[in-house]
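A.B. asks: Could you have a look at this structure, given as structure tokens, before my questions?
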Amino acid sequence: MGTMFLETLGKSDKRRSCLKEVRMCRKASLAKVVPILSSLICLALLPGCAVNETYISSGAEEGGSIATGVASAQNTDPFQAGKQAAEALREKMGQTPLDAVIMAECFEDQAQKKQALKGVCSVLPKDIVFGFATYGSFAQQGCLDLDSVSLLGIGGDGIATSAALRRDLGIAGLTIEENEAELAKRLRTGGVDLANKLSRRPDDRLLVIMADAHSPKNQLLLDGAQEVMGKDFPITGGSANKNAGQTFVYFQGRMYADAAIALLLSGDFEVSLSGRQAQENAKVISSAADSADEALENMKAKPFSVLAFNCAGRKGKLDNIADELAAIKGVIGNEVPLFGAYCAGEIGPADIAEKDPEALSSGVGWHVMFTVLGR
């Protein structure tokens with residue numbers, strides 16, 4: 233048996249004209265052609281190269297439409313969970329071409345995770361599917377734990393996406409206690425490489441990082457990314473499940489361990505970030521509401537989507553996991569699409585005294601990080 237959650241499609245502009253439909257068709261075609269061309273070039277010039285590590289959609293049009301949608305499914309059959317979530321997302325997005333899909337899945341082992349990914353890609357083009365293994369997810373319709381897939385769809389001609397993969401970070405088996413200097417070196421290098429692979433635009437707005445680098449390793453990776461992006465650039469994201477055999481990130485329909493991915497969103501929209509930490513039931517609930525409220529208060533435009541990267545440790549402190557979601561919805565309401573994931577480390581504004589005062593975002597644990605998108 234399976235259950236399926238859908239969320240209302242968030243659109244910045246519901247008006248459509250024949251001209252916009254032509255533009256969107258052109259955009260969808262380009263988004264498909266670019267990765268294909270990249271792969272052909274790779275195969276022609278570099279024998280043995282079989283992995284494309286970058287993705288670029290067409291540029292965003294000023295004043296163009298932006299649409300986001302969230303769909304989730306829970307099923308003990310991982311393929312069906314992925315397939316059901318993808319079908320639901322496709323239905324919610326309607327005629328809007330998808331630029332990118334972020335996947336958060338929660339299954340026990342590599343074989344099941346592979347099937348969940350396969351299920352998603354049986355419905356949606358694998359070239360636009362990115363994501364990571366999590367400890368569960370949450371959306372407007374509820375919280376999902378084991379045996380679940382949650383998807384965030386991003387599309388429209390007013391938003392553009394660039395994505396990058398950094399394989400072989402070289403940190404598997406290394407610990408902060410015994411290998412801090414080497415970890416710092418390898419992760420900083422990985423973060424620099426990851427950010428440098430991204431295609432930059434004047435209207436870049438938000439970077440989302442998902443990595444096999446749990447807290448506190450996520451800060452070391454972020455250090456490298458911020459060398460390229462700048463310390464004041466809005467960055468959010470989460471660390472993949474750190475349990476043995478579950479530490480995967482997903483890039484264009486393929487799964488990787490000891491790796492990091494990044495999605496750079498660009499376009500005519502605004503971004504607001506906020507973060508709070510907590511380690512006790514009541515505080516977890518109140519801090520989530522406070523963080524959501526701050527992000528919403530600082531958003532001067534009309535919100536069209538909310539992202540939340542939440543600590544799995546916080547989830548474990550709750551007597552009832554639905555209580556935190558209820559507090560969040562009490563702030564953001566029931567209409568704005570919400571995509572939330574439980575992680576092993578979070579990136580965003582840190583709620584700690586020892587953070588870098590010059591950096592907008594930090595890599596930490598025990599936090600919930602909210603990002604509100606609006607226009």
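Quick note on numbering: my numbering labels position 363 of the sequence shown as 595, and the sequence is numbered without any gaps.
For glycine and all other residues, C-beta sits at the position ideal for the given N, C-alpha and C.
For a test of the three-state rule: what should DSSP assign to residue 496, helix, strand or coil?
C.D. replies: If DSSP states are grouped into helix, strand and coil, residue 496 belongs with the strands.
A.B. asks: Considering only residues of the same chain and omitting the five flanking positions on each side of residue 560, which have a CB-CB separation below 6 Å?
C.D. replies: Cβ neighbours of residue 560 beyond the five flanking positions: 520 and 524.
A.B. asks: Would you please state the rounded distance, in angstroms, between the beta carbons of residue 512 and residue 547? I believe it to be under 8 Å.
C.D. replies: Actually they are not in contact, since the Cβ atoms of residue 512 and residue 547 sit about 13 Å apart, beyond 8 Å.
A.B. asks: Would you check whether the ligand PLP has a heavy atom nearer than 7 Å to the C-beta of residue 456?
C.D. replies: The ligand PLP is not part of this structure, which contains no ligands at all.
A.B. asks: Do the CB positions of residue 389 and residue 293 come within less than 8 Å of each other?
C.D. replies: Result yes, Cβ atoms of residue 389 and residue 293 sit closer than 8 Å.
A.B. asks: Applying the 10 Å Cβ sphere with the 16-neighbour rule, what's the burial state of residue 269?
C.D. replies: For residue 269, the pLDDT reaches just 43, beneath the cut-off of 50, and the residue's location in the model is therefore unreliable, although a value from the coordinates is still provided. Label assigned to residue 269: exposed.
A.B. asks: Would you call the stretch 349 to 366 and the stretch 469 to 480 touching, i.e. three or more CB-CB distances under 8 Å?
C.D. replies: As far as the Cβ criterion goes, the stretch 349 to 366 touches the stretch 469 to 480, which means the pair count is three or higher.
A.B. asks: Out of 376, 396, 304 and 288, point me to the one whose CA is closest to residue 441's CA.
C.D. replies: Of the listed residues, the one whose Cα sits closest to residue 441 is 396.
A.B. asks: First and last residue of the beta strand (DSSP E) that includes residue 570?
C.D. replies: Run containing residue 570: 570 to 575, per the beta strand (DSSP E) assignment.
A.B. asks: Going by alpha carbons, who is nearest to residue 308 out of 502, 345 and 478?
C.D. replies: For residue 308, the nearest C-alpha among the options comes from 345.
A.B. asks: Got a sec? Which residues, its chain only, sit under 6 Å from residue 314 by beta carbon, not counting five neighbours each side?
C.D. replies: Contacts found: 348, 351, 352 and 381.
A.B. asks: With a Cβ-Cβ cutoff of 8 Å, do residue 295 and residue 500 count as a contact?
C.D. replies: Going by C-beta atoms, residue 295 is nearer than 8 Å to residue 500.
A.B. asks: Taking the C-alpha atoms as reference points, what is the distance between residue 574 and residue 433?
C.D. replies: Taking the straight line from one Cα to the other gives about 30 Å.
A.B. asks: Helix, strand or coil, according to DSSP, for residue 588 in the structure here?
C.D. replies: Residue 588 falls in the coil class under three-state DSSP.
A.B. asks: Sort 437, 456, 430 and 435 by Cα distance to residue 418 and report the nearest one.
C.D. replies: Among 437, 456, 430 and 435, the Cα nearest to that of residue 418 belongs to 456.
A.B. asks: What is the DSSP secondary structure of residue 531, counted as helix, strand or coil?
C.D. replies: Here residue 531 sits in coil by DSSP.
A.B. asks: Roughly how many whole angstroms lie between the Cα atoms of residue 257 and residue 487?
C.D. replies: Only weak support exists for where residue 257 lies, its pLDDT of 44 falling under 50; the value from the coordinates is given anyway. So the alpha carbons of these two residues sit roughly 29 Å apart.
A.B. asks: Look at the Cβ atom of residue 540, then the Cβ atom of residue 576, and state whether they are nearer than 8 Å.
C.D. replies: Going by C-beta atoms, residue 540 is not nearer than 8 Å to residue 576.
A.B. asks: Taking Cβ to Cβ, would you say residue 338 is nearer than 8 Å to residue 368?
C.D. replies: The answer is yes: Cβ separation under 8 Å.
A.B. asks: What is the rounded straight-line gap between the Cα of residue 301 and the Cα of residue 536?
C.D. replies: One C-alpha to the other measures close to 10 Å.
A.B. asks: Under the assumption that residue 437 contacts residue 498 (Cβ atoms under 8 Å), give the Cβ distance between them as a whole number of angstroms.
C.D. replies: Yes, they are in contact, since the Cβ atoms of residue 437 and residue 498 sit about 6 Å apart, within 8 Å.
A.B. asks: Taking the alpha helix (DSSP H) that residue 355 falls in, what are its first and last residues?
C.D. replies: Neither: residue 355 is in no alpha helix (DSSP H) and is coded neither H nor E.
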